[in-house]
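Novice:
Residue numbers (the UniProt record's numbering): 1 to 377.
1) With 16 as the cutoff for other CB atoms within 10 Å, does residue 299 come out buried or exposed?
2) Identify whether residue 154 lies in helix, strand or coil by the three-state DSSP scheme.
3) What do you reckon, are the CB atoms on residue 329 and residue 285 nearer than 7 Å?
4) Is DSSP giving residue 363 helix, strand or coil here?
5) Determine contact between the region 126-138 and the region 199-215, defined as no fewer than three beta-carbon pairs at a distance below 8 Å.
6) What's the C-alpha gap between residue 338 and residue 346?
7) When you compare only the Cα positions, how much space is there between residue 385 and residue 80?
8) Just to confirm my understanding: we take residue 114, look at its own chain, exclude 5 residues before and 5 after, and list those with CB closer than 8 Å. What are they?
9) Put residue 105 into one of helix, strand or coil per three-state DSSP.
10) What do you reckon, are the CB atoms on residue 77 and residue 157 nearer than 7 Å?
11) Which first and last residues belong to the alpha helix (DSSP H) in which residue 111 is found?
12) Count the CB pairs spanning the region 187-196 and the region 152-166 that are closer than 8 Å, and state whether there are at least three.
13) Out of 134, 250, 124, 98, which has the shortest C-alpha to C-alpha gap to residue 167?
14) What are the residues that DSSP puts in a beta bridge with residue 226?
15) Grab the span of the alpha helix (DSSP H) containing residue 338 for me, first residue to last.
16) Candidates 105, 92, 95: which alpha carbon is nearest residue 86's?
17) Where residue 218 and residue 232 are concerned, what is the direct C-alpha to C-alpha distance, given to the nearest angstrom?
18) Could you please give me the residues that DSSP links to residue 141 through a beta bridge?
19) Can you check DSSP and say which residues form a bridge with residue 117?
20) Can you give me the C-alpha to C-alpha distance between residue 350 and residue 319, rounded to a whole angstrom?
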């Protein structure tokens, strides 16, 4: 702060009020003294006002120096533009981008802006100027450095107008946000990639869901068909069981009828045919006729042999003793063993064997008795 100026003390005019010795005061002397006192008071007030003015000027100059020092030392670009967009002032921070501040003064600010962003920035500026009202805004745009490098800036600017709408000044602060812009651009690209993946995955999931839904519907339809088919099969099964039951009944009846027929054939051959053949054999004397009769008996025996295997021993009219002997023969017992077991003589057992062969119509046939008995019920 400057020291206050010393108070001026003008030389005092000759004291006209000094009384001459022995002479009385005049009226004009009193008026002069009053004017002198008024002038002295006015001079004192002017000196005080001048001192305050000097103090204000010095304080303002100091503030301007501080502001200029602050503006020149901050890392952000501080600028001001006229109505045409020409640079009025710009600080040293612009050297960070390779520009000389002195060379930029007077140039259009738009020359520094990237060609792809110029139209947008200029259009926004013109819209604000056309309104004629104070306006503050924040914009992001690119600039080109002298070496052709692209840098991103974030500008906070204010446009001032008079009350009548006349343009005064545009001021702004620009900050280098290239690193942030690169990160933001990378994040945006990553977001776009992720969104594409999400959309693709969503599409795949929707397609998969549609396929699953279609498969579920097809499976439901197939299950319905299978249930209907199972129901039809149950009905068919019931019908088949009834048919099988009926067939089993018919088969049993057929077997019974067949057995009855076989028994009837065997009975007729045994009772109605063979006896007469035996009588004929006794009466004929011609050997040729006997041979033919033997052949007929053998063929008739072969015919009835297949029937006889399905008949029980009780059908052949075996006695109780013959049934016992037949059972031992079936079990593989020899004649002597059977005789010992039944308390009979071997000749009696042999007679039973011949009787059994006769009743089974196995005489004069090369058929093992035990094998035949094992084939009979």
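For glycine and all other residues, C-beta sits at the position ideal for the given N, C-alpha and C.
Specialist: Straight from the coordinates:
1) A residue is called buried when at least 16 other Cβ atoms come within 10 angstroms of its Cβ; residue 299 does not meet this threshold and is exposed.
2) Three-state result, residue 154: strand.
3) 7 Å or more divides the Cβ of residue 329 from the Cβ of residue 285.
4) Here residue 363 sits in coil by DSSP.
5) No, the region 126-138 is not in contact with the region 199-215.
6) Spanning the alpha carbons of residue 338 and residue 346 requires a straight line of approximately 8 Å.
7) Residue coverage of the chain in this structure runs from 1 to 377, which leaves residue 385 outside it and unanswerable.
8) Non-local beta-carbon contacts of residue 114 in its own chain, meaning distances under 8 Å to residues more than five positions away in sequence, involve 141, 142, 143, 144, 150 in chain order.
9) Coil, per DSSP.
10) No, the pair does not count as a contact, with Cβ atoms beyond the cut-off.
11) It is not in any alpha helix (DSSP H) - residue 111 carries neither H nor E in the DSSP assignment.
12) Under the three-pair Cβ rule at 8 Å, the region 187-196 does not count as touching the region 152-166.
13) Scanning 134, 250, 124, 98 for the CA closest to the CA of residue 167 turns up 134.
14) Listed as beta-bridge partners of residue 226 by DSSP are no residues whatsoever.
15) In the DSSP assignment, residue 338 falls within the alpha helix (DSSP H) that extends over 335-342.
16) Nearest of 105, 92, 95 to residue 86, Cα basis: 105.
17) Taking the straight line joining both Cα atoms gives about 21 Å.
18) Answer by DSSP bridge pairing, in chain order: 153.
19) According to DSSP, which records beta bridges pairwise, residue 117 is partnered with nothing at all.
20) C-alpha of residue 350 to C-alpha of residue 319: approximately 15 Å in a straight line.
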